Each structure stands twice: as structure tokens, then as C-alpha cells.
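**Student:**
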Amino acid sequence: MSATEIPVLANVAELEAEFAQLHLAAMDHDAALALGEDLIQRSRDKGWSMAVSVKIGDHEVFHVALPGATPINDNWLRRKRNLVEHTGEPSFLVGQRLAAQGKTLDDLELSEVDFAPHGGGYPLIVDGVMVGSVIVSGVPQQDDHALVVEALTALAV
């Protein structure tokens, strides 16, 4: 089965620069819970229905689905998280890099069943090490990505 062509929606160099700057000083359970709660509040403020998940290592410490979110959103969370954990990079960056190169998940030997190169998944990086991930699903992928970046930027300050 061939993977779906990915649309170009953003500048890869800008996404790479954003990722290079968006690392955290620390991440623990309290910070993960605060991040999840912040994402839920930002989503509500925008009138968005979303599913949000924050993981530290293998432990999912936050998972909320707002009214209107469905099990389909949970599947998107899983697939975006798989890509983030596989690559160590934001899912939107991976997808946009593939799009800019005219490639698909097939070129990475990854299946769309288990991986999603769409915005909304972000690794949590502390001292150059991926310690977890934050994933959202519910709105167009560039908005999913922007929401996570907003919340991580606020946390990193």
C-alpha cells in the first residue's frame, strides 16, 4: 500500500529552528500535568475540541479528551506519538520535511497505520535528551502544532 502524499504547509528551515530553540530546563510529573492542563485551557479558550496526552518516558501522566473529541483523535495521538518517539522530532517537522522532498512515510519504511507525519506531536527535550512527548489532536495539523508550540514556549520561559 502506498502512503498518502503530504501537503506542504510550512517552511522546514523555520520548523527546524523552532525545534532547536524549544528545549526545556526540566520536566517532571507536575510539569507534565501543568503542560496538559495548559493545553486544555488554550484549546477551550479557542473553542476547540481536542484530545491531549503528555508522556514522561513510558508513562502517560496526562490524557484528556474534551467534549467532541472521539476515539479517532486517540488513534491520531497514538500515531503521532509513534512518529515522535521513532524520530525524536516534532511530527509536523517530519511531515513537512517529507513533503518538501516529495517523499512519504513509505520512504522511511513506516506505515500510515502506525505513524502520522502530521502536526501536533512534540518531543519533550531536557539537556539534549528526549524525556517524553506531548501530543494533541483535534484541529488542522498546523493548528495542532502551533498550540503545542505556544504551550511549550510558555513552559520554557
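Under UniProt numbering, the residues of the sequence shown are numbered 1 to 157, in order.
Yeah, the Cβ is synthetic: ideal placement off N, Cα and C, and Gly gets one too.
Source: prediction; values computed, not measured.
(1) How about Leu9 and Gln96: are their beta carbons less than 9 Å apart?
(2) Can you tell me whether Thr153 is buried or exposed? The criterion is at least 16 other CB atoms within 10 Å of its CB, across all chains shown.
(3) Whose C-beta lies closer than 7 Å to the C-beta of Leu33 among residues of the same chain, with five residues either side of it excluded?
(4) When the Cα atoms are used, what is the spatial distance from Asp74 to Thr4?
(5) Quick one: any contact between the stretch 103–111 and the stretch 126–142, if contact means 3 or more CB pairs under 8 Å?
(6) Considering only C-alpha positions, which residue in the set Arg81, Val134, Ile72 is nearest to Leu24?
(7) Is Lys46 helix, strand or coil by DSSP?
**Tutor:** In short:
(1) As a first step, residue 9 must be located in the sequence shown, where it is residue number 9. As a first step, residue 96 must be located in the sequence shown, where it is residue number 96. Contact: yes.
(2) Within the sequence shown, numbered from 1, the residue matching residue 153 stands at position 153. With fewer than 16 Cβ atoms within 10 Å of its Cβ, Thr153 is classed as exposed.
(3) In the sequence shown, the residue the question calls residue 33 occupies position 33. For Leu33, where only same-chain residues beyond five positions count, the Cβ hits under 7 Å are Val61, Phe62.
(4) Locating residue 74 in the sequence shown gives position 74, counting from the first residue. Locating residue 4 in the sequence shown gives position 4, counting from the first residue. Their backbone Cα atoms lie some 20 Å apart in a straight line.
(5) no
(6) Taking the sequence shown and counting its residues from 1, one reaches residue 24 at position 24. Ranking the options by Cα distance to Leu24, first place goes to Val134.
(7) Taking the sequence shown and counting its residues from 1, the one referred to as residue 46 is at position 46. Looking at Lys46 - three-state DSSP - the assignment turns out to be helix.
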